[in-house]
Amino acid sequence: MAQHTDSSIIGRSWKRPSQYWDWDAIPFLAIHLMCLLAFLTGIRWEWVILAIGSYYLRMVAVTAGYHRYFSHRSYKTSRLFQFLLAFLAMTSAQKGVLWWAAHHRHHHKYSDQEEDVHSPLQRGFWFSHVGWILSAHSVRTDMNLVRDFRQYPEICFLNRFYFIPPLVYALLIYSLWGFPGLIWGFFISTTALYHCTFFINSLTHMIGRVRYKSNDGSKNSFLLAVLCCGEGWHNNHHHYQLAAKQGWFWWEVDLSYYILSFLSWFGIVWDLRVPPEHIKAGTIAAEREAHMGRTPPAHSTGPE
Numbered sequence: 000m001a002q003h004t005d006s007s008i009i010g011r012s013w014k015r016p017s018q019y020w021d022w023d024a025i026p027f028l029a030i031h032l033m034c035l036l037a038f039l040t041g042i043r044w045e046w047v048i049l050a051i052g053s054y055y056l057r058m059v060a061v062t063a064g065y066h067r068y069f070s071h072r073s074y075k076t077s078r079l080f081q082f083l084l085a086f087l088a089m090t091s092a093q094k095g096v097l098w099w100a101a102h103h104r105h106h107h108k109y110s111d112q113e114e115d116v117h118s119p120l121q122r123g124f125w126f127s128h129v130g131w132i133l134s135a136h137s138v139r140t141d142m143n144l145v146r147d148f149r150q151y152p153e154i155c156f157l158n159r160f161y162f163i164p165p166l167v168y169a170l171l172i173y174s175l176w177g178f179p180g181l182i183w184g185f186f187i188s189t190t191a192l193y194h195c196t197f198f199i200n201s202l203t204h205m206i207g208r209v210r211y212k213s214n215d216g217s218k219n220s221f222l223l224a225v226l227c228c229g230e231g232w233h234n235n236h237h238h239y240q241l242a243a244k245q246g247w248f249w250w251e252v253d254l255s256y257y258i259l260s261f262l263s264w265f266g267i268v269w270d271l272r273v274p275p276e277h278i279k280a281g282t283i284a285a286e287r288e289a290h291m292g293r294t295p296p297a298h299s300t301g302p303e
């Protein structure tokens, strides 16, 4: 089903959780149900390794792509790699790249306030974790929030036909590893990818450690940082949103940043933003600059 666009849907009708699911809930639930077929394939170590590898490959694409690049513009890249990054991230079956970025930018603007589309403090754990993404109110993409990327026809195409990348990925997995590979490498891996990604919306606004004062419930979680390639340092991120590096100290593991740094050696990505030392120190001046460190305006320039 093609993904709709709208200039004002985000922020409307969020005062109470909708109980009316969109048709997109059907494939989402079907992916979960297909995991039960693992009882037919059995458990073999090679299938488990495939599931883990498929999970982390796409988690890096979601965190380094959907989040740090398309949502926050925390580094620069070429138009070709921008497309490849969007395609790989979309194999996660988390809807379109512009849809994801638009909703995330809206979240940061209203984090844990009434207009936040997935705040557990406003709507409870279940709706913030998964209910909102299945709601009919979340279907549309506010293109005004992603004006910097809507200028690229290939990105708009992917966003509109967001079912293509996960379908291509599933067929590739099946062609290489057969039916057991499809169950473990796509369905089980995708289901795990769903919920670990969604835990950043839900759990890291409820449970964890707070290093920096913020106007929301963002918290740091080592476990989710490991599972989500650095995204668990959520309090860091909400303190200074422009940084490509979310693990700010040597002990804060951040796989996505390590990979971005590696890619920068070859000129594939560049201008990776890191938090200034005074921001990390949490000084009064840092509080003011962190407040200014919001997502770049939608008229920012694209890849160079």
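So the sequence shown is residues 0 to 303, counted in numbering that gives the first Met the number 0. Beta carbons: idealized from backbone N, C-alpha and C, even for Gly.
Judged by DSSP secondary structure, residue 61 falls outside any alpha helix (DSSP H); it is assigned neither H nor E. Pairing residue 64 with residue 88 gives a Cβ-Cβ distance under 7 Å. Taking C-beta atoms as the reference points, residue 133 and residue 280 fail to come closer than 7 Å. With a cutoff of 7 Å on beta-carbon distance, residue 273 and residue 244 are scored as near each other. For residue 219, the pairing in a beta bridge is given by DSSP as 208 and 232.
Per DSSP, residue 279 is one residue of the alpha helix (DSSP H) stretching across 276-280. Under DSSP, no beta-bridge partner is assigned to residue 225. Your pair residue 214 and residue 231 does not check out as a contact, with CB atoms roughly 20 Å apart and the cut at 8 Å. The closest CA to that of residue 179, considering only 46, 31, 35 and 159, is found on 46. When DSSP reads this structure, residue 76 sits in a beta bridge with 268. Taking a cut-off of 8 Å for Cβ pairs, the segment 55-63 and the segment 85-101 touch, as three or more such pairs fall below it. The C-alpha of residue 128 is placed about 25 Å away from the C-alpha of residue 37.
Setting aside the 5 residues that flank it on each side, residue 171 has no residue in the same chain whose C-beta is closer than 6 Å to its C-beta. Separation of the CB atoms of residue 186 and residue 34 is rounded to 5 Å, and the pair is thereby assigned contact status at 8 Å.
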